[in-house]
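Notes to accompany the following structure.
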Amino acid sequence: MVDSAAIIKSYAAPHAPSSLDHAVVYRREDEFCSWPYTSGFWENGEGTLIANFSARTVKYASGDEINHDALEAGSGSDPKTVTVRSHDRGRTWDGDDPQINMFSGIVERGADVAASLQPWAPIDYLDPQLLVANASVGGFAVKESRGTVRISKDGGDSWTPPVILPLDGLVSTTGIHSTLVRPDGRCLLFMFEVDKDNANRHPLVYRSTADGTQFHFMSYITPQSDPKWNVAGDYAGSIRFIGHRWFYPRGYLLPTGRMLCSLRCQRDPRGVMWTEIYYSDDGGETWDFLNRINDWGAPADLVVMPDGRVVAVYGYRLAPSGIRASVSEDGGRTWGPELIIRDDGGSWDLGYPNAWVAGDGQVGTLYYFNSKNDRVKANGGVRHIARSIFSID
1 MVDSAAIIKS YAAPHAPSSL DHAVVYRRED EFCSWPYTSG FWENGEGTLI ANFSARTVKY
61 ASGDEINHDA LEAGSGSDPK TVTVRSHDRG RTWDGDDPQI NMFSGIVERG ADVAASLQPW
121 APIDYLDPQL LVANASVGGF AVKESRGTVR ISKDGGDSWT PPVILPLDGL VSTTGIHSTL
181 VRPDGRCLLF MFEVDKDNAN RHPLVYRSTA DGTQFHFMSY ITPQSDPKWN VAGDYAGSIR
241 FIGHRWFYPR GYLLPTGRML CSLRCQRDPR GVMWTEIYYS DDGGETWDFL NRINDWGAPA
301 DLVVMPDGRV VAVYGYRLAP SGIRASVSED GGRTWGPELI IRDDGGSWDL GYPNAWVAGD
361 GQVGTLYYFN SKNDRVKANG GVRHIARSIF SID
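Number 67 in UniProt numbering belongs to position 67 of the sequence shown; there are no gaps in the numbering.
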């Protein structure tokens, strides 16, 4: 259990890291690039970083035309998945010559789907060249969503067809490529259920079976309902723009064996959202609340550094919008002053970072961004993919 002694927050003004470098990874003047956090990010056994994000052709005529609801309704082309790779700890990426639709496009339910992973047995999830992808079919974050899993045995060069995961009595499951392999070789999938009302969300964990070919429900991460009612309200917008207490779970293993899970919470995705941390000391079977990382900023990707420090990187959508981070030196129990990685965003429409160890005392992060200095003015500039490398010392 968490130490019951009171932990009083220490207050310090946000500041920039001592070392900081930015670069554009992928930008097309007629494309809307977004959401790397939920699209897939891996490191294979050769040290190659593999990052996915979504892109679609749009017209930057106005902010209304690229509103997320408008995009979902058909403004712009159908989305494609763009994959970029780095062989130098994220300093350079092949954004000029990326891979398109690494998974061979969007898979409709029942089309090109495997019944199980049995044909690819034996499956060793401890093999650093074996990568796991956990997405969805039937829609994203809706009651019709069904989580899927597929694997690569060659470091991401090729992938199996998707396997639709059993519901095990749940209403739905949405996967966001949040996976964790325990030291005993069991693979955990961090997903969330959406209720029949399409609004309430429940983060949960599936676990692989002994032979690794199947996955089943293991545990819920949070209470069934929000005990403090932090996101209750009278919302007039679409499901995307209402309050949600817990979703986008992502799990991490500390050197002590404790697991942390970051969760996005929001009253308004245009800025009023934050990151909460839950923890498990029994391999993901049970979970309890640990703390809230920040006042605002989500979703957050965590990086466990070789020295045991934990770094949280997140989009910050209130003005001045950009990317921020915080460092914990005690396994996520407390968090240091906020690091301002970027504050030159052109609007709230940015973030969704993935992060990694970039070097000694350095963290890299890849995210979608729009700049206030862009010549395009459509509720911000052209949505593109950028990366930052910063020091935490």
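Where is the CB? At the ideal position from N, CA and C, for every residue including glycine. Predicted model, so just to flag it, every value in this text is computed and none were measured.
*Runs of alpha helix (DSSP H) wholly within the segment 192 to 257 (minimum 4 residues, chain order)*: none
*With a 10 Å radius around its C-beta and 16 neighbouring C-beta atoms as the bar for buried, classify asparagine 373 as buried or exposed.*
exposed
_Output needed for valine 313: all residues of its chain with C-beta closer than 6 Å, excluding positions within five of it in sequence on either side, in chain order._
Asp301, Ala325, Pro353, Ala355, Thr365
_With the cut-off set at 9 Å, would you say lysine 80 and alanine 61 are in Cβ contact?_
no
*Mark isoleucine 106 as exposed unless 16 or more other C-beta atoms lie within 10 angstroms of its C-beta, in which case mark it buried.*
Because isoleucine 106 carries a pLDDT of 43, less than 50, the predicted location of this residue cannot be relied on, and the following value inherits that uncertainty. Flag for isoleucine 106 reads exposed.
*So what does DSSP say about glutamine 362, is it helix, strand or coil?*
strand
*CB contact flag (threonine 92, glycine 76, <9 Å)*: no
*If you pair each beta-carbon of the segment 152 to 159 with each one of the segment 247 to 256, do three or more pairs fall below 8 Å?*
no
*Compute the beta-carbon to beta-carbon distance between residue 429 and valine 327, rounded to the nearest angstrom, for a pair I have assumed lies under 8 Å.*
In the structure as shown, the chain starts at 1 and stops at 393, and residue 429 therefore has no counterpart that could be examined.
*asked:* Less than 9 Å between the C-beta atoms of leucine 253 and proline 183, yes or no?
replied: yes
*With 16 other Cβ atoms within 10 Å as the buried cut-off, status of glutamate 276*: buried
*Quick one: residues in its chain with C-beta nearer than 6 Å to the C-beta of tryptophan 120, no 5 flanking neighbours on either side, listed in chain order?*
Thr160
*Residue from Asp344, His177, Arg309 whose Cα sits closest to the Cα of serine 39*: His177
_Taking the beta carbon of proline 17 as the centre, do at least 16 other beta carbons fall within 10 Å, making it buried, or is it exposed?_
buried
*Indicate whether glycine 185 and threonine 148 have their beta-carbon atoms separated by less than 9 Å.*
no
*Would DSSP call threonine 174 helix, strand or coil?*
strand
*The beta strand (DSSP E) spanning histidine 22 covers which residue range?*
20 to 26
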